[in-house]
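Counting from 10, one number per residue, gives the positions in the sequence shown under the numbering used here.
Even glycine gets a Cβ: it sits at the ideal position worked out from N, Cα and C.
For clarity, every value in this text was computed on a predicted model and none was experimentally measured.
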Amino acid sequence: MDHKQITTFLKVAEALNFTKAAQQLNFAQSSVTAHIRALEEEFDKPLFERLGKKIKLTSAGLEFHSYAERLLKLTAEAKQAMSASDEPEGVIVIGAQESQCTYRLPPILKEFKTLYPKVKLVFKPAHSDNMARQQLMDGGMDVAFFMDVPKAEQSLTIETLATDSIKLVASPNHILASHPSVDLKQLEGDTFLLTEAGCSYRNLFEQSCQNADVYPINQFEFGSIEAIKQCVIADLGVALLPEMVVEKDIERGDLIELNWHHDMPPVFTKMAWHKDKWMSPPLLAFTELTRTMLS
């Protein structure tokens, strides 16, 4: 097993097509086939299932995939550690939810790229906190940002960076817009525009509803926070969103905050990485800058 074979495997797994992988790698297709065959012979297991012109990863291929990603990352880290360059360079894979990517991280990323132009930043979406944690555990991410309540962690190093207020927002034309306060029973028949399952504050909201013996019937789930905001502005329902996402809309009068009675605990923006992760110079610089700017 060598570096080229692992690179070829990951490219074929991404493209699910030998011809496309060969073109992207600038290899002859015969070389791609030979690399995959060599790996399969070494493991004595097929990594891809050939279904006519289509291919897909076998269970062994899926299992090897996470190891292959880690092997390439370790190789890159080893080269980086041995480099004599004084200026940090390399790749940092960052996981974050849409709210963090859009509203909290851009100033940090801009400053980081100014200070460390040779470091490449790669983003991976983290639609849920559990997804981010799993990616950190598997080595698919170097560092991740998520919102959550305090909890014990065994395998991750986690730093709390900021407290996040969660707002229940509605259109100014909403039937309850003029009420000084509302409770969940008053909202039970409304339409709730929700983030994807696994989102920390959605989980807390659903738990709050259960505690109040309230079970909203009308629920729409969205993969985009911006889509949720636009639907709320159009008075299609109410939504629970972080303050950083809606504060400007509330200031402009496009949204209003409903003063609702609830038992939800506060949530926090957290930065996390695997406790055994080697803190390369670029990663160390990134975490230190983030810590400084969000403190």
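Cα-Cα separation between alanine 93 and glutamate 78, rounded to whole angstroms: Model confidence at alanine 93 stands at a pLDDT of 49, short of 50, so the residue's coordinates are unreliable; what they give is reported in the following sentence. Cα to Cα, the separation comes out at about 25 Å.
Between the CA atoms of glutamine 106 and arginine 113 - distance to the nearest angstrom: 10 Å
Pairwise C-alpha distance: glutamine 163 and aspartate 157: 16 Å
Three-way DSSP call (helix, strand, coil) for glutamine 2 in this model: The structure shown does not extend to residue 2, since the chain spans only 10 to 304, so no value can be given for it.
Three-pair Cβ contact test at 8 Å for the segment 289 to 298 versus the segment 220 to 238: no
heavy atom of the ligand ADP below 7 Å from isoleucine 184 C-beta: By its list of ligands, the structure shown contains no ligand whatsoever, and the ligand ADP lies outside what it can speak to.
Beta-bridge partners of isoleucine 103, as assigned by DSSP: Phe132, Val152
Same chain, Cβ closer than 7 Å to histidine 12, five either side skipped, listed in chain order: Thr84
Start-end ranges of the beta strand (DSSP E) lying completely within the segment 32 to 61, minimum 3 residues: 57 to 60
Cutoff 7 Å; reference glutamine 14; Cβ partners in own chain excluding five residues on either side: For glutamine 14, same chain residues with a beta-carbon under 7 Å away, outside a window of 5 residues either side, are His44, Ala47, Leu48 in chain order.
Lysine 160 - containing beta strand (DSSP E), residue span: Where lysine 160 is concerned, there is no enclosing beta strand (DSSP E), because DSSP gives it neither an H nor an E.
Segment limits, beta strand (DSSP E) that includes alanine 179: 175 to 179
Cutoff 8 Å; reference alanine 243; Cβ partners in own chain excluding five residues on either side: Ser180
Local conformation of lysine 82 per DSSP, three classes: helix
Nearest-angstrom Cβ-Cβ length linking valine 100 and lysine 129, presumed shorter than 8 Å: 5 Å
Three CB pairs or more closer than 8 Å across the segment 275 to 288 and the segment 170 to 188: yes
Extent of the continuous beta strand (DSSP E) run through histidine 283: 276 to 283
CB contact flag (leucine 305, phenylalanine 18, <8 Å): The displayed coordinates of the chain run from 10 to 304. Any statement about residue 305 would go beyond what the structure contains.
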